[in-house]
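**Student:** Protein chains in written order, with the numbering used here: chain A, 12 to 352; chain B, 12 to 352; chain C, 12 to 352; chain D, 12 to 352.
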């Protein structure tokens with residue numbers, strides 16, 4: 012059985028695994044102070060066009076979001092996010108466990124809009140009782156969003172403008188950033204993201220690595236960030252495992268190359284589904300595709316092709332999420348095509 | 012240059028890496044629900060003689076300690092630990108970040124004594140103002156301790172007796188558990204530890220794996236432990252990486268076998284150091300050796316052999332920690348011998 | 012100028028102040044262990060028809076809510092509340108500062124409905140990824156609500172039924188409980204609230220006292236509650252000040268008597284406003300009245316009568332909150348009537 | 012029976028109660044925005060010689076310490092305190108509940124010494140693994156200390172010098188500050204404390220008020236301090252009760268006057284105890300006296316005079332704490348004298 016259930020079902024891209032094997036018995040110091048981490052950081056800085064960026068490597072997304080947000084906020088502040096944001100829904104209350112409220116705003120296809128943000132902030136500071144309320148202290152976005160959609164350069168610039176007007180740091184969660192950068196028609200590049208954000212993450216867990224997120228602070232990290240990571244249990248003893256993987260991903264453009272492969276697979280998958288009569292639930296340009304599967308199609312796929320049921324529908328149908336990744340092969344799509352036929 | 016600075020300078024035991032490579036492109040579900048995690052848990056249950064144990068796999072020690080302790084404590088409680096305990100010194104305040112005080116007690120060579128514990132508890136509950144103080148809610152031990160020493164079965168039984176009398180769960184941090192189980196003369200086995208503790212961890216990061224700690228709850232885990240792990244950022248998306256490594260370590264006794272190798276290396280190292288005139292700072296039966304290095308010896312080792320300076324001494328000497336591991340080779344010891352000669 | 016801005020603009024009912032003065036130079040032990048606290052607790056138990064209830068006195072509402080909720084929840088859990096609930100809006104993130112998410116549900120005129128709650132809980136536990144989400148661990152209601160509305164006995168019983176089905180403790184925030192108990196037509200009494208809730212508060216700050224909330228646990232308090240109160244800074248050194256005030260309020264039915272007075276003032280106020288052409292925004296049977304004030308009426312009241320602007324409307328009008336209390340006098344209403352004329 | 016058990020056994024100084032009674036039915040806005048709070052702040056600023064100071068009124072000491080410390084620290088930091096410090100012992104883990112470790116240092120008669128502090132800080136930042144440890148982020152002192160002792164101007168200046176060298180804010184807990192300022196021979200005045208500290212509290216609960224602590228920030232308060240107070244449940248709805256009491260205490264020097272009375276009572280009490288053969292356990296110049304009571308003396312006092320047993324001694328004796336206050340009368344001392352005779 013082939014599964015499109017999520018984009019973290021395989022191990023790592025072979026090039027990464029190869030380097031782990033080759034260097035396995037080398038001795039290095041721990042906690043990210045090794046030469047591989049240093050080299051990886053240099054390559055990421057170069058890819059971001061941001062030689063001053065401070066970069067830390069963490070294992071997973073929840074701990075990255077929790078550490079970055081805790082580092083920026085003061086105790087009386089909360090973080091603004093789309094109500095569909097990962098930190099609000101699927102991270103088990105990690106932000107609140109750190110003492111901060113997630114202040115939710117309505118979104119459109121997973122995207123927060125500058126106007127929504129501005130309207131909220133204006134109303135908040137006009138409210139006479141606002142000092143009795145959690146003060147917005149930063150803005151969190153996902154790119155791609157939880158629905159696979161992407162901000163345009165104009166949209167992100169608009170949000171940044173509002174953030175600047177209110178003195179709020181902007182943090183972009185890039186758990187699937189590669190698939191955003193490689194999408195057709197996107198006009199947001201790594202250097203532009205680095206120029207617009209105060210912090211962002213470059214996810215590797217879903218883009219070729221065994222695990223790993225790079226937290227990038229283009230203007231420098233908040234004081235004590237390493238210690239905060241340690242406190243959150245987010246420092247890997249054998250830090251070089253992260254360095255080696257990121258170094259490989261950012262050598263000769265591998266991160267983008269494997270992302271582009273996934274995007275082309277996703278476009279093919281979308282066509283297959285559409286050709287078989289599926290309506291798109293969201294029109295996603297990235298590696299996650301959300302479609303409406305009728306009951307009959309679910310039956311045809313049953314036992315042959317896996318996907319994630321996003322939402323059950325009344326007639327036995329479902330909103331389904333199909334995720335492809337760097338590891339998806341043409342043969343997987345053919346299997347899907349056959350099952351649907 | 013050879014380094015004995017710590018026991019996490021290399022990657023993984025080749026047998027583990029081999030399995031990661033072999034299974035790399037298999038698809039499995041995430042978050043530890045895969046067959047490899049299930050198999051690994053079965054083998055650990057068998058090794059512990061504890062078929063009812065609940066087991067969770069985490070990436071690192073700090074997050075394991077933080078999650079286990081937070082799961083057991085109520086908000087008005089703190090955790091009792093030796094003042095030298097890892098949670099009190101080198102985890103950046105992870106327990107306090109979770110809202111709980113580490114209540115420290117004096118120790119002897121890193122070991123908490125049942126009598127110390129009992130005296131404290133008696134005095135605490137006799138104190139008329141104790142309801143204004145943090146209430147002791149569980150006991151934390153390390154085995155081996157931070158000084159490489161080991162509890163005897165009698166000592167651990169004594170501590171358990173006090174814990175039971177006061178209704179306190181007992182948690183044993185086994186970040187280097189293998190090296191404790193394999194030590195010469197120890198009378199504490201995995202099944203005995205499982206019988207005496209409410210929770211303990213089996214560390215793999217320092218005993219053959221790329222990373223990984225198994226949190227074992229012989230009598231069942233506290234409610235919601237998985238969600239708490241997720242909240243702490245301690246759930247690995249590709250959970251099978253942990254399952255595969257633990258499954259391999261607990262197949263055909265590999266965990267103990269490589270631990271025994273390290274112990275024999277440690278004993279050889281100890282002899283070499285003693286033969287060259289070093290005094291033992293602590294007499295450790297495990298993989299970490301603490302000795303007093305005179306200034307002259309430090310000069311001889313300089314640039315050739317690495318170790319950790321535990322404490323600078325006034326005359327240019329130092330208390331030094333030498334750590335060996337599953338990866339240490341006879342050749343490493345010869346290099347040390349030569350450097351000292 | 013007369014103000015109806017809120018219900019805590021004056022000091023205490025004279026009978027309470029008199030007792031504070033009379034006992035001022037007596038010596039008592041601190042922290043609520045004094046005879047006045049004991050006596051007050053007995054009287055509250057009697058009024059609740061609940062001789063087994065455990066009762067603690069705290070100074071304010073935010074600290075009461077924070078301590079009660081923290082005492083019931085485990086770290087992986089959150090508290091369910093109407094999105095208009097005080098803990099979600101006007102307590103500056105106190106619940107999140109304690110590590111827990113406020114899980115919000117839609118409401119009707121401030122009231123959570125049993126069906127809304129049940130639908131949410133069914134969906135939550137059916138969701139396959141629910142172990143990655145904050146687990147609902149208790150239910151919070153306000154009675155009267157933030158809009159002055161009241162639950163009926165049937166409604167509260169319905170909510171309790173859902174809570175019981177899912178094993179969730181039910182906590183009722185009674186910051187203005189007196190005004191709910193004294194309202195015309197309510198069928199919820201103190202004994203019934205005590206029978207249906209696992210915890211509730213009896214607010215005195217807004218009902219005759221200088222300050223004070225009684226946290227009542229009909230089936231016993233969570234372990235360590237006093238220590239948790241202390242940790243939250245919610246224990247008053249001179250605890251008798253709370254005991255004396257509650258003892259007086261619960262002697263000869265003073266709490267209900269002064270609440271009834273406020274209710275009759277509120278009904279008169281409502282009539283005056285309606286007579287002068289105001290539309291009710293919510294039809295509140297308690298001491299807070301929400302009406303729509305047109306621009307012209309705001310001008311007439313300006314400088315003469317104070318109220319709280321709840322929401323600005325587009326035409327210069329506003330939703331206004333008028334609050335009366337135990338301290339409101341007939342003369343105050345006459346002043347309002349004159350100003351409006 | 013007369014009791015010297017603590018200094019918060021009575022209500023308030025009659026002058027304060029009188030003002031509460033006189034203003035009882037006035038209407039004011041809540042939360043400390045009233046004219047009485049404003050007036051009190053002006054008088055405190057004048058008494059501190061510090062016209063720029065920002066001042067907030069809180070109800071109790073634990074909440075004041077918790078809010079001030081949380082406001083200054085970043086998540087990776089802890090607070091340095093003497094191991095006997097109130098925040099470390101008798102506040103039920105309030106600082107840890109806020110996420111921060113209390114980093115304890117040895118003390119002499121309750122006093123932290125500049126040299127101890129400096130030695131610790133030098134060693135901390137020299138330690139190569141310090142980024143894995145809780146970073147010292149501020150210094151907490153009590154004045155008077157928990158043993159009734161006082162810092163001299165030179166000592167406090169020395170501590171301030173070390174704080175400045177390491178960029179650490181200095182916070183002085185003045186729960187009994189009046190008794191420190193009024194002590195014979197002290198050379199620390201309010202203006203000097205304001206000049207040396209980044210924050211300090213002026214306690215009123217034990218010095219004439221029903222309750223109340225003023226948090227004074229001579230160089231301005233950390234951002235969002237009011238919201239943080241609210242979050243901690245430390246904002247009193249009827250804030251004027253605090254304003255009225257502090258305004259009265261700082262009118263015509265009442266705070267110092269009643270403190271001086273207590274000091275003269277304490278000196279008389281000390282003489283009585285010494286005359287009757289008690290040894291001083293600490294030689295305290297303030298309102299708390301610590302003496303060694305032999306068994307026989309305890310028997311004579313039994314049922315006649317109360318005190319706090321600080322520590323039981325082996326022969327049936329005890330270290331006893333006798334506390335006097337603004338409310339202690341000559342007759343109380345005579346009763347003690349008679350009982351001892």
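Where is the CB? At the ideal position from N, CA and C, for every residue including glycine.
Computed from a predicted model, the values in this text were never measured in an experiment.
(1) Any Cβ of chain B within less than 8 Å of the Cβ of residue 142 of chain C?
(2) Looking only at its own chain, which residues have a Cβ that is under 6 Å from the Cβ of residue 274 of chain B, when we skip the five neighbours before and after it?
(3) How long is the line joining the alpha carbons of residue 297 of chain A and residue 80 of chain B, rounded to whole angstroms?
(4) Residue ranges of each beta strand (DSSP E) run of no fewer than 3 residues wholly in the segment 83–119 of chain D, ordered along the chain?
(5) Taking 8 Å as the cut-off, decide whether the C-beta atoms of residue 257 of chain D and residue 64 of chain D are in contact.
(6) Measuring only the C-alpha atoms, how far is residue 9 of chain D from residue 18 of chain D?
(7) Which residues does DSSP pair with residue 122 of chain C in a beta bridge?
(8) If we cut at 8 Å on Cβ distances, does residue 259 of chain A have a partner in chain B?
(9) Do three or more CB pairs link the segment 208–225 of chain D to the segment 329–346 of chain D at distances below 8 Å?
(10) Give a yes or no on whether 8 Å exceeds the smallest Cβ distance from residue 349 of chain C to chain D.
(11) Please classify residue 313 of chain C: does DSSP put it in a helix, a strand, or coil?
(12) Could you check the C-alpha separation between residue 190 of chain B and residue 184 of chain B for me, to the nearest Å?
(13) Quick check: the segment 17–33 of chain A against the segment 25–38 of chain B, are there 3 or more CB pairs under 8 Å?
(14) Scan the segment 162–204 of chain A and note each continuous alpha helix (DSSP H) run of 4 residues or more that stays entirely inside, going in chain order.
(15) What distance in whole Å lies between the Cβ atoms of residue 316 of chain A and residue 350 of chain A, which are believed to be in contact at a cut-off of 8 Å?
(16) Any beta carbon of chain C sitting closer than 8 Å to that of residue 201 of chain D?
(17) Using the Cα positions of residue 235 of chain D and residue 87 of chain A, report the straight-line distance between them to the nearest angstrom.
(18) At the level of alpha carbons, what is the spacing between residue 307 of chain C and residue 328 of chain C?
(19) Going by beta carbon distance, what residues of the same chain come within less than 6 Å of residue 197 of chain B, once the five residues before and after it are set aside?
(20) Please compile the residues from chain D whose C-beta is within a distance smaller than 7 Å of the C-beta of residue 10 of chain C.
(21) On a CA-only basis, which of B/179, B/348 and B/78 is nearest residue 128 of chain B? Give me that one, please.
(22) Are the CB atoms of residue 73 of chain C and residue 223 of chain D within a distance shorter than 8 Å?
(23) Run through DSSP, which three-state label would residue 146 of chain D get?
(24) Please report the straight-line C-alpha distance between residue 188 of chain D and residue 70 of chain C, rounded to a whole angstrom.
(25) Out of D/242, D/260, D/210 and D/282, which one is the CA nearest neighbour of residue 233 of chain D?
(26) Report yes if the C-beta distance between residue 58 of chain D and residue 237 of chain D is below 8 Å; otherwise report no.
(27) Tell me which residue opens and which closes the beta strand (DSSP E) that residue 227 of chain A is part of.
(28) Taking the DSSP output, what are the residues bridged to residue 65 of chain D?
(29) Could you check the C-alpha separation between residue 267 of chain D and residue 166 of chain D for me, to the nearest Å?
(30) Ignore the nearest five residues each way along the sequence and tell me which others in residue 319 of chain B's own chain have a CB closer than 6 Å to its CB.
(31) DSSP beta-bridge partners for residue 303 of chain B?
(32) Can you tell which of A/269, A/89, A/323 and A/348 has its C-alpha closest to the C-alpha of residue 139 of chain C?
(33) State the Cα-Cα distance for the pair residue 110 of chain A and residue 344 of chain D, rounded to the nearest angstrom.
(34) Which residues in chain A sit within 9 Å of residue 328 of chain C, going by Cβ to Cβ distance?
(35) Residue 120 of chain B and residue 158 of chain B - do their beta-carbons sit closer together than 8 Å?
(36) Got a sec: which bits of the segment 194–218 of chain D sit with their beta carbon under 7 Å from any beta carbon on chain B, in order along the chain?
**Tutor:** Based on what the coordinates show:
(1) It does: the Cβ of residue 142 of chain C has a partner Cβ on chain B nearer than 8 Å.
(2) Same-chain partners within the cutoff: 193 and 194.
(3) Between residue 297 of chain A and residue 80 of chain B, the C-alpha separation is close to 40 Å.
(4) List check, beta strand (DSSP E) in window: 88–93 and 113–116.
(5) No, the pair does not count as a contact, with Cβ atoms beyond the cut-off.
(6) An answer regarding residue 9 of chain D cannot be provided, because it is not within the stretch 12 to 352 covered by chain D.
(7) Within the DSSP secondary-structure output, residue 122 of chain C pairs in a beta bridge with C/119.
(8) Closer than 8 Å: no.
(9) Short answer: they touch.
(10) No - not a single Cβ of chain D is within 8 Å of the one on residue 349 of chain C.
(11) The three-state secondary structure of residue 313 of chain C, taken from DSSP, is coil.
(12) When the Cα atoms are used, residue 190 of chain B and residue 184 of chain B turn out to be separated by approximately 13 Å.
(13) Yes: the two stretches touch, three or more of their Cβ pairs being nearer than 8 Å.
(14) DSSP runs (the alpha helix (DSSP H)) wholly in the segment 162–204 of chain A: 164–177 and 188–192.
(15) The pair is a contact, with the Cβ atoms about 5 Å apart (cut-off 8 Å).
(16) Interface criterion not met: the Cβ of residue 201 of chain D is under 8 Å from no Cβ in chain C.
(17) Cα to Cα, residue 235 of chain D sits roughly 6 Å from residue 87 of chain A.
(18) CA-to-CA, the gap between residue 307 of chain C and residue 328 of chain C works out to about 8 Å.
(19) Excluding positions up to five away in sequence, the list reads 161.
(20) A question about residue 10 of chain C goes unanswered here, because the residues of chain C that appear run from 12 up to 352.
(21) The shortest Cα separation from residue 128 of chain B among B/179, B/348 and B/78 belongs to B/179.
(22) Their beta carbons are not under 8 Å apart, which means residue 223 of chain D does not touch residue 73 of chain C by this criterion.
(23) The answer is strand: DSSP assigns residue 146 of chain D an E or B state.
(24) Going from the Cα of residue 188 of chain D to the Cα of residue 70 of chain C covers about 23 Å.
(25) Comparing Cα positions, the closest option is D/210.
(26) The criterion of a C-beta distance shorter than 8 Å is not satisfied by residue 58 of chain D and residue 237 of chain D.
(27) Element bounds for residue 227 of chain A: 224–228.
(28) For residue 65 of chain D, the beta-bridge partners assigned by DSSP are D/228.
(29) Each residue's alpha carbon lies about 23 Å from the other.
(30) Excluding positions up to five away in sequence, the list reads 16 and 332.
(31) Answer is B/290 and B/330, bridged to residue 303 of chain B.
(32) A/323 is the residue among A/269, A/89, A/323 and A/348 whose C-alpha sits nearest the C-alpha of residue 139 of chain C.
(33) Cα to Cα, the separation comes out at about 50 Å.
(34) Those within 9 Å of residue 328 of chain C in chain A number zero; the least Cβ separation is about 17 Å.
(35) Contact flag set, yes.
(36) From the segment 194–218 of chain D, no residue has a Cβ closer than 7 Å to chain B.
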